[in-house]
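Each remark here refers to the structure printed beneath this line.
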Amino acid sequence: MKLLQFNRRTKIVATLGPASASASVLGRLVRAGVDVARLNLSHGTVEEHARTVRLVREAAQRLERPVAILVDVPGPKYRVGPLAAESVVLRRGASVTLTTERVVGTESRIGVNLPTFAQDAAKARVVLLDDGAIELRVVEVRPPDVVCRVVVGGTLKPGKGVVFPGVPLSIP
1333 MKLLQFNRRT KIVATLGPAS ASASVLGRLV RAGVDVARLN LSHGTVEEHA
1383 RTVRLVREAA QRLERPVAIL VDVPGPKYRV GPLAAESVVL RRGASVTLTT
1433 ERVVGTESRI GVNLPTFAQD AAKARVVLLD DGAIELRVVE VRPPDVVCRV
1483 VVGGTLKPGK GVVFPGVPLS IP
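Taken in order, the sequence shown gives residues 1333 to 1504; the numbers are from this note's numbering.
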């Protein structure tokens, strides 16, 4: 039986991450028909992304298939700064101060990366950390500090996102 050959009008876009960052997995993806390898720069390091690009290019060349690389660059986003430990635990009911000062974060004081943070926090009642896994309520704004109460606690790692639901950001 002969397989039918036809031109596809759609493209297969695969978002790559840690689980697909090996030469063998990328080879299987390219062989299966992936047309575009998407890299989300919100996660991972420059070195990890460079390695993935190299592996995609090698797989595409080896299998003689064109594979485009789509780099998804994140827009401006508030992020948690460096922490004194690998992570900090924010406990329900505790007070935590978020600040634009360059600090090494602890359970009680955490740096964020943009100067308009206190201005935007003044408009918010809720602050979400780590994609909403941790919820804070603004208690007081004293620029450059924003004092919050932990509503839903959890473990926070450096570089995690900080958002104000429903509040447009004043990012310059």
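All C-beta atoms, glycine included, are put in the ideal place defined by N, C-alpha and C.
As the structure is a prediction and not an experimental result, all values here were calculated from the model.
Ignoring anything shorter than 3 residues, give me the beta strand (DSSP E) runs that lie fully in the segment 1380–1423, in order along the chain. Listed in chain order, they are 1400–1404 and 1420–1422.
Sequence-distant residues of its chain with Cβ nearer than 7 Å to A1392 (five each side left out): Cβ-Cβ distances below 7 Å link A1392 to V1362, P1398 and V1399 in the same chain, with the five nearest sequence neighbours on each side left out; the list follows chain order.
Nearest to S1354 by CA position, among V1388, Q1451, R1441 and G1365, is which residue? For the residues V1388, Q1451, R1441 and G1365, the minimum Cα distance to S1354 belongs to V1388.
Going by the beta-carbon positions, is the gap between E1439 and V1428 smaller than 8 Å? Less than 8 Å separates the beta-carbon of E1439 from that of V1428.
For A1346, count neighbouring Cβ atoms within 10 angstroms of its own Cβ and tell me buried if that reaches 16, exposed if not. Burial call: buried.
Exposed or buried, K1334, counting other C-beta atoms within 10 Å across all chains shown (16 or more means buried)? Caution applies to K1334, whose pLDDT of 49 falls short of 50 and renders its modelled position unreliable; the model cannot decide the point.
Looking at C-alpha atoms only, which residue of N1372, A1416 and G1425 is the closest neighbour of E1467? Among N1372, A1416 and G1425, the Cα nearest to that of E1467 is on G1425.
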